[in-house]
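Start counting the sequence shown at 1307; every next residue gets the next number (the numbering used here).
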Amino acid sequence: MGEGGVDEGARIGALWDAMGKSCGNRLGNKTFKPRKNITEKDKQHDLLVLEAAATLGSGDLRQAVQLPEGEDLHEWIAINTVDFYNQINMLYGTLIEFCTEESCPVMSAGSKYEYHWADGQTVKKPLKCSAPHYINCLMSWIQQQLENEAIFPSKIGAPFPRDFVNVVKVILKRLFRVYAHIYHQHFSEVRDLQEEAHLNTSFKHFVFFVMVSHLYCTG
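See the structure below:
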């Protein structure tokens, strides 16, 4: 996984294994929608995004996930959460013709991990479903969270809720499952589409962010 050596690889491997064991989720409409911008924080938001993008472009993923000096931690977490949602949305969007009810009748990451859907509100009892159904529901559910002003406020200086970090942990845990499904079930298609480098960079960026920001969640 790069120049971090065995210890870094072991930490990432442990994160993969532990996050793979967690389960839960939500039901939404069937339409797969690209994420639209959730905030209008103008210069503050744009500068944070540009700073993150510029650092990521340098190839130093460890630096890219560090909180910029003087910036608000919750704002930084929010921007990166939206970014990962967009990344995974785009990556999965290139694979939807291969991820079907027939090819992926159960949402899983290999034979070891199977994920059921529940949102705790509309669907309280975990529901066994196909991968495309699960992922469509997940993306719809996440979009609702990102557009909820009480969770992700769009006004500069507006406070984030006390449980903001816990909400983000659940979002990232569930996004992780999409990475896991892609790697286990669709990596051959990823290679055929020559998206391997993009997927690997996106996933490594995701893992570093979760580890460095202590957003690891297995519950």
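All C-beta atoms in this analysis are idealised placements derived from N, C-alpha and C, irrespective of residue type, glycine included.
Model, not experiment: these values are computed from the prediction.
With burial defined as no fewer than 16 other Cβ atoms inside 10 Å of the residue's Cβ, what is the status of Arg1497: buried or exposed? By one-based count along the sequence shown, residue 1497 stands at place 191. Looking at its Cβ environment, which holds fewer than 16 other Cβ atoms inside 10 Å, Arg1497 is exposed.
Report yes or no: do the segment 1465-1480 and the segment 1393-1404 share at least 3 C-beta pairs separated by less than 8 Å? Touching, no.
Opposing strand residues paired with Trp1382 [DSSP bridges]: Your numbering for residue 1382 matches position 76 in the sequence shown. Trp1382 pairs with nothing; no bridge assigned.
How would you call Pro1374, buried or exposed, if buried means at least 16 neighbouring beta carbons within 10 angstroms? Within the sequence shown, residue 1374 is the residue found at index 68, counting from 1. Pro1374 counts as exposed, since fewer than 16 other beta carbons sit within 10 angstroms of its beta carbon.
Assuming Leu1481 and Tyr1391 form a contact by the criterion Cβ under 8 Å, report the distance between their Cβ atoms to the nearest whole angstrom. Reading the sequence shown from its first residue, position 175 is the one you call residue 1481. Reading the sequence shown from its first residue, position 85 is the one you call residue 1391. Right, their Cβ atoms sit about 7 Å apart.
Using the Cβ count rule (16 or more neighbours within 10 Å means buried), how would you classify Leu1379? The residue given as residue 1379 occupies position 73 in the sequence shown. Per the 10 Å Cβ criterion, exposed.
Going by CA-CA distance only, name the one from Leu1452, Gln1500, Phe1512, Gly1426 that's closest to Ser1483. Here residue 1483 refers to the residue found at position 177 when the sequence shown is read from its first residue. Per the sequence shown, the amino acid found at residue 1483 is Arg instead of Ser. For Arg1483, the nearest C-alpha among the options comes from Phe1512.
Measuring only between beta-carbons, confirm whether Ser1414 sits less than 8 Å from chain D. Given the protein chain composition of this structure (a single chain), no chain D is represented.
Assigned secondary structure, Trp1440 (DSSP; H/G/I helix, E/B strand, else coil): Reading the sequence shown from its first residue, position 134 is the one you call residue 1440. With the sequence shown as reference, residue 1440 is identified as Tyr, and Trp is not the correct amino acid for it. In the structure shown, Tyr1440 falls within a helical segment according to DSSP collapsed to helix, strand and coil.
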